[in-house]
Amino acid sequence: MAQASSGPGTLPSEEELAQAGLRLVVNGPVARITISRPEKRNAMTGRTWTTLARIGQNLHKEVRIVVITGEGDIFSAGIDLKMFTPEGVDGERSIVTGLVDGSTDDAELDTYITELQEGFLWLRRPDLVTIAAVRGHAIGAGFQLALSCDLRILADDAKFSMKEPALGLIPDLTGTKPLVDIVGVHRATEICLTTRQVEADEARELGLATLVVGADELDGAVDDAVAALLEIDPEAAAATKALLWQAPDNTLEEQAAAERVAQTGRLNALAKTMRPGS
Ligand code: ACO
C-alpha cells in the first residue's frame, strides 16, 4: 500500500501516481516503485519525473531501500516521444511548443530541466540504497534512471542504450556522470555516440550491472539483495555510502581524514549503546 501522510510530507496519491505512470508500494523500510505504462513500453513523461521527485521528498524516514523496476518485460522505453511533438502528452506541456514560438526562454528551460532532474538526483541520497531491477530495454531516460541507482540487478535479457544523441539531444537526466564514473570517458563516448545496445553480459563486464541473473530469478535476486542490505545498521550504511561517494573527488589524504571523521562518529555512537543504563 502507498503511504498517505505518515512521512515528512504527503506522498503522491494513487491517482497522481497513475497519471505519472508509476506505482508505489511501501512496506516498512522498503519502497518499491514500478514504472507502469506497459501500453507505451513504460515510456516516461515530465510528470513521471516530477512525481518521482515528490516520492523522494516525502518517503517516511523509516525507508532505507528503494527498488525501481518496470511493469512487464521492459524497464523503460525512455522519454515519451510525444513530449517532443507540438501536441505533447495529455495534461503536460510540450517541450517544443514554447521553443518554437519563442515563448520559452533559456532560463525557463533550465528551470524545467532542473525540476525533471530532481526525479533522478534523490536516488543518490546516503540514507537510501537504491536498486534498479532491469528486464528488457532501458533506453535513454530509462538507462539514466538505472544509472541513478546504487545497484543495477539485471535479467539476462536486459539491454541498455543511450538514444538521446540519435534524436539530436544529449543525455541530461543526470546519467552522464555515473556512466563515465563506471565505464570511463572513452567507453562512455562510444556507447553514447553509437547509441548501440549494451546487453546484460557486457553490462556486467563493464561494471554497469551489479549482478546478472536469469529472467525468472530477477525478483528473488532483488529480494536477496534487499535482505542483505537490511542486515546493516542504517547509520553505518548511510555513513559508508556518504564516504564512498566522496572518494572519487578526494585525494588519499582527504579521504583518510574523512574516514577518521566518519569512524569517530560511528565509534562514539557504538560506545553510547555500551554505557551502563543505555
Ligand atoms: N514514447 C512513446 N511511445 C512509445 C515509446 C516512447 N519512447 N516507446 C514505445 N512506445 C509505444 C509505441 O509507439 C507503441 O504504441 P502503439 O501501440 O500505440 O503504436 C507501443 O509503445 C509499442 O511499441 P513497439 O515499438 O511496437 O514495441 P516493441 O516491443 O516492438 O519495441 C522498443 C519496444 C524497442 C522500446 C521500441 O518501442 C522503441 O525503440 N521505442 C522508442 C525508444 C526511444 O527512442 N526512446 C527515447 C530515448 S531518448 C530519451 O529517453 C531522453
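37 is the number of the first residue of the sequence shown in my numbering; add one for each residue after it.
Ideal Cβ placement from N, Cα and C applies to all residues, glycine included.
Can you tell me which residues fall inside 5 Å of the ligand ACO, judged by beta-carbon distance to its nearest heavy atom, and keep chain order?
Selection output, chain order preserved: K76, R77, A79, A113, G114, I115, D116, L117, H173, I175, G176, A177, K199, E200.
Need the endpoints of the alpha helix (DSSP H) that H96 sits in, please.
Per DSSP, H96 belongs to no alpha helix (DSSP H) and is neither H nor E.
Which residues in the same chain as L242 place their Cβ atom closer than 6 Å to its Cβ, once the five residues preceding and following it in sequence are excluded?
V219
Under 7 Å, do P201 and T231 count as touching if we go by C-beta distance?
Going by C-beta atoms, P201 is nearer than 7 Å to T231.
Report the rounded CA-to-CA distance for A143 versus D137, giving the unit in angstroms.
Spanning the two alpha carbons is a distance of roughly 16 Å.
Pull up the distance between the alpha-carbon of M37 and that of F120, whole angstroms please.
Low per-residue confidence applies at M37: pLDDT is 38, beneath 50, and the placement is therefore not dependable, though the value from the model is reported in the following sentence. F120 has its alpha-carbon roughly 34 Å from the corresponding atom of M37.
If I follow the unbroken beta strand (DSSP E) through T70, where does it start and stop?
66-71
One question on the structure: do S72 and R59 come within less than 7 Å of each other, judged by their Cβ atoms?
yes
How long is the line joining the alpha carbons of S41 and A79, rounded to whole angstroms?
Low local confidence applies: a pLDDT of 41 at S41 is under 50, so the model's placement there is unreliable, and no value is given.
Span of the alpha helix (DSSP H) holding V165?
Element bounds for V165: not the alpha helix (DSSP H) but the beta strand (DSSP E), 165-170.
Can you tell me the Cβ-Cβ gap for R100 and L266, rounded? I've got them flagged as a contact below 8 Å.
Here R100 really is in contact with L266; their C-beta atoms are around 7 Å apart, less than 8 Å.
For E319 and E151, I'd like the C-alpha separation in whole angstroms.
Because the chain is modelled from 37 through 314, residue 319 falls outside the range shown and cannot be assessed.
Could you tell me the alpha carbon to alpha carbon distance between L145 and T225, rounded to whole angstroms?
26 Å
Helix, strand or coil for N63, going by three-state DSSP, please let me know.
N63 falls in the strand class under three-state DSSP.
Decide if the region 264-279 is in contact with the region 100-114; the criterion is three or more beta carbon pairs, one per stretch, under 8 Å apart.
yes
Can you tell me whether A316 is buried or exposed? The criterion is at least 16 other CB atoms within 10 Å of its CB, across all chains shown.
The first residue shown for the chain is 37 and the last is 314, placing residue 316 beyond what the model contains.
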